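The sequence shown begins at 1 in full-length UniProt numbering and counts up by one.
Note that the Cβ used here is the ideal one computed from N, Cα and C, for glycine as well.
Owing to the predicted nature of the structure, the values given are computational and were not obtained by experimental measurement.
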Amino acid sequence: MATVKRDYYEVLGVERNASGDELKKAYRRLAMEFHPDRNQGDKAAEDRFKEVGEAYSVLSDPQKRQRYDSFGHAGDSMPDFGGFSFDSAFDLFDMFFGGGGGGGRRRGGPQPGADLRMNVDITFEESVFGAGRTIEVPRKGMCAECSGSGAAPGSQAVQCPDCGGTGQVRRAVQSIFGQMVNVSACPRCHGEGRTVAQPCPTCHGQGRVDERQTLDITIPAGVDEDVTLRYGGQGEAGPRGGTRGDLYVGFRIAPHPHLVRRGQDLLYELPVSVPQAVLGDRITVPTVSSEHQIELPPGTQHGRVVKIAGMGVPHVRSGRRGDQLCIVHVAVPTHLNAGQRHLYEQLGEREGKPAEVKKGFFDSIRGAFR
């Protein structure tokens, strides 16, 4: 079941203009509350712990925060955002509260798999009305031959003799501040805490293999490019038989040939001839679903906005539809034959000096969005 990814400010419970200190305070409180060591076996708490860490990792970085404020979760797929895994959440926690126990605890046994992100190309109509879609997800899956252990059948992984299974080695170094202890990944087991004497021939000791999984997803009606859907447990398999990460799906929406989306409203530039604007007319206009007839009253001015209520885009959560706004564009002829020119000259002589224009085109546009 997909869920819409929550706003990072909402996750941390802070205002959008929160200072760096306010972000730190919120992260410290929530990370301590939802830390897996305090919530043994609670998958919801684990998800919240990772969600809090991901939110802070973005909002605490000025460049990432600016990108997020501009593009929302659509910015997650941009190169400088990078991925955020369960291990990343622990690393961030260790940075705040001191490492050691947390890192060692995670390396010995199964580890949660990494999250995946992908974008799906959809049509404009699918973004408005929603649709079902089957996608193919390239990911890491657990090796069936060794059940994720990395060891060949009949053999097993053993505790690394160099690090004692912690995955870390400590080395005392001398600095200007005195003697310090440097902690780094064990070079023998590469931080795994164990070694495999006879690697599995299928996965070559990795415990995981490449796979392509098909997944049925639902594109919600009203989805925009700043919406990201989360599919729990559809990411990569974790090392040593660990649980799968999550899959985050974003959308790239193809443009419509006539309509432009602005929030829940759709804008349409309505071309109108001079006689139509002066005399009025019944005009057929395209909408996202079919065609619709509107009445153009006599004396319609350039820039006038004609609203078709309820013909916009539904809100992705509430389902309430916006409107279609038809912005009148009076097409003034640029090439006239002799007869047409004579008629316009006669009209000009009868009309005399034009009346003062009290409301401009941009005033009309601004008024449509008030």
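Residue i versus residue j - alpha carbon distance
i	j	result
G167	A31	24 Å
P271	P138	47 Å
R6	Q293	40 Å
Q301	H329	9 Å
D80	I122	Its pLDDT being 49, under 50, D80 is placed unreliably by the model, and nothing is read from it.
L347	D323	38 Å
V58	D115	16 Å
A18	F129	36 Å
D265	S127	13 Å
E46	G148	22 Å
L229	G250	7 Å
A185	Y8	32 Å
R16	D42	30 Å
Residue i vs residue j beta-carbon contact at 9 Å
i	j	result
G242	Q111	yes
V306	H256	no
R317	L296	no
V196	G150	yes
D162	P187	yes
G222	H315	yes
M311	R320	no
Member of the options whose CA lies at the smallest distance from the CA of residue i
i	options	result
F49	V260, F34 and P257	F34
E10	A44, D21, R28 and Y56	Y56
V274	C143, L12, Y344 and V183	Y344
L247	P297, R194, T284 and D216	D216
I219	I253, C143, G191 and N39	I253
T214	Q276, Q346, L12 and I135	I135
V158	T123, L336, R194 and D226	R194
C146	H204, R170, P62 and E22	H204
K24	H190, D37, D61 and A338	D61
R240	A144, G339, Q340 and A44	A144
V4	G164, Y231 and G41	Y231
T202	A131, G141 and R67	G141
Residue interval of the alpha helix (DSSP H) (run including residue i)
i	result
D47	K43 to L59
D21	G20 to F34
D265	Unbroken run through D265 is the beta strand (DSSP E), D265 to S273; no alpha helix (DSSP H).
R341	A338 to E351
N-terminal and C-terminal residue of the beta strand (DSSP E) that residue i is part of
i	result
K307	V305 to I308
Q234	Run containing Q234: none; DSSP gives neither H nor E here.
Cβ-based neighbour list, residue i, same chain, cut-off 8 Å, excluding 5 preceding and 5 following
i	result
residue 372	Nothing about residue 372 can be reported from this structure: the residues present for the chain run from 1 to 370 only.
S70	none
Cutoff 7 Å; reference residue i; Cβ partners in own chain excluding five residues on either side
i	result
G104	Unreliable positioning characterises G104 in this predicted model, as indicated by a pLDDT of 41, which lies under 50. The coordinate reading is nonetheless provided below. Correct list, in chain order: T166, G167 and Q168.
G13	A26
Close Cβ partners of residue i (< 6 Å) along its chain, the five nearest in sequence each way excluded
i	result
N39	A45
R212	E136 and P138
L267	V260 and L325
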